[in-house]
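Numbering (our numbering), first residue to last: 0 to 297.
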């Protein structure tokens with residue numbers, strides 16, 4: 000018997016000049032889509048009224064949709080809001096101030112949600128915890144971490160994060176133990192001049208991290224490197240330079256990415272690139288599949 004599987008996602012308004020009553024802006028939307036049939040349904044409109052949703056993650060087991068917002072115009076609440084929405088019962092569980100701007104950690108094993116409040120995701124900050132079972136406001140943990148992007152939780156209960164860097168700080172890799180809430184700084188993430196990393200993945204063994212520096216453009220300056228970091232030895236290496244090869248062969252300059260994923264077998268890395276074809280601006284996207292030989296994973 001066919002069992003429907005849904006993908007949950009939120010809109011993000013783009014320019015704040017259109018988040019006004021003139022354009023009938025009430026807030027961003029949460030949708031769900033059945034990838035088999037293509038059917039898409041509205042889950043909720045404006046869970047936080049007059050706010051956009053640039054940051055979100057779904058707990059698939061408990062069907063709780065977590066979001067970090069950006070304020071539109073004319074709303075009651077200024078600043079970044081954190082919210083938790085129960086998609087099954089269509090109920091807002093929590094909404095409050097000092098939310099996360101760009102990324103959150105979901106501990107699937109416990110159902111807890113973690114984030115660093117405010118816009119300074121480039122630097123290390125206090126880690127907040129939201130426990131849906133308690134249903135109260137987020138509380139501050141004893142941990143401090145950098146969090147611009149994060150992996151999914153490994154089988155042994157670890158999540159790996161990377162800070163954005165900037166303001167005199169380097170992009171840094173961190174580990175977070177979801178069982179003990181202990182944090183460890185692993186080392187610098189950059190391999191060249193670029194340090195901005197907006198997507199990071201861990202392989203099925205939990206040993207290797209993969210990421211591409213230069214997320215918002217500029218990765219080609221360093222050769223559009225694909226980096227593998229060994230959490231056991233705390234060393235990194237570039238497993239592929241994709242520039243200028245793709246420019247010379249296809250006329251496509253791979254300038255950075257906000258989206259990557261490791262295959263469940265750990266032998267392939269999927270990357271969606273922002274691409275320039277002849278000019279300085281991005282004018283399309285490209286999907287690449289990087290095959291990772293077994294010899295690079297021993």
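We put the beta carbon where it would ideally sit given N, CA and C, even for glycine.
Could you tell me the alpha carbon to alpha carbon distance between residue i and residue j, rounded to whole angstroms?
i: residue 297; j: residue 71; result: 49 Å
i: residue 208; j: residue 132; result: 31 Å
i: residue 201; j: residue 57; result: 18 Å
i: residue 280; j: residue 172; result: 29 Å
i: residue 178; j: residue 117; result: 25 Å
i: residue 15; j: residue 213; result: 25 Å
i: residue 67; j: residue 51; result: 8 Å
i: residue 126; j: residue 97; result: 12 Å
i: residue 9; j: residue 79; result: 16 Å
i: residue 27; j: residue 7; result: 14 Å
i: residue 263; j: residue 203; result: 6 Å
i: residue 199; j: residue 257; result: 9 Å
Provide the residue span of the alpha helix (DSSP H) that contains residue i, from first to last.
i: residue 235; result: Unbroken run through residue 235 is the beta strand (DSSP E), 234-240; no alpha helix (DSSP H).
Just grab the DSSP bridge partners of residue i for me.
i: residue 104; result: 113
i: residue 286; result: 271
i: residue 41; result: 30
i: residue 149; result: 160
i: residue 128; result: 113, 138
Reducing DSSP to helix, strand and coil, say where residue i ends up.
i: residue 294; result: helix
i: residue 68; result: strand
i: residue 95; result: strand
i: residue 219; result: helix
i: residue 36; result: coil
i: residue 229; result: strand
i: residue 58; result: strand
i: residue 22; result: helix
i: residue 17; result: helix
Does the separation of the CB atoms of residue i and residue j fall below 8 Å?
i: residue 91; j: residue 63; result: no
i: residue 306; j: residue 260; result: The structure shown has nothing for residue 306, since the chain only spans 0 to 297.
i: residue 270; j: residue 221; result: no
i: residue 205; j: residue 157; result: yes
i: residue 149; j: residue 102; result: yes
i: residue 195; j: residue 170; result: yes
i: residue 218; j: residue 181; result: no
Grab the span of the beta strand (DSSP E) containing residue i for me, first residue to last.
i: residue 84; result: 80-85
i: residue 246; result: It is not in any beta strand (DSSP E) - residue 246 instead sits in the alpha helix (DSSP H) that spans 244-249.
i: residue 138; result: 138-144
i: residue 209; result: 207-210
i: residue 173; result: 171-176
i: residue 200; result: 199-201
i: residue 254; result: 252-261
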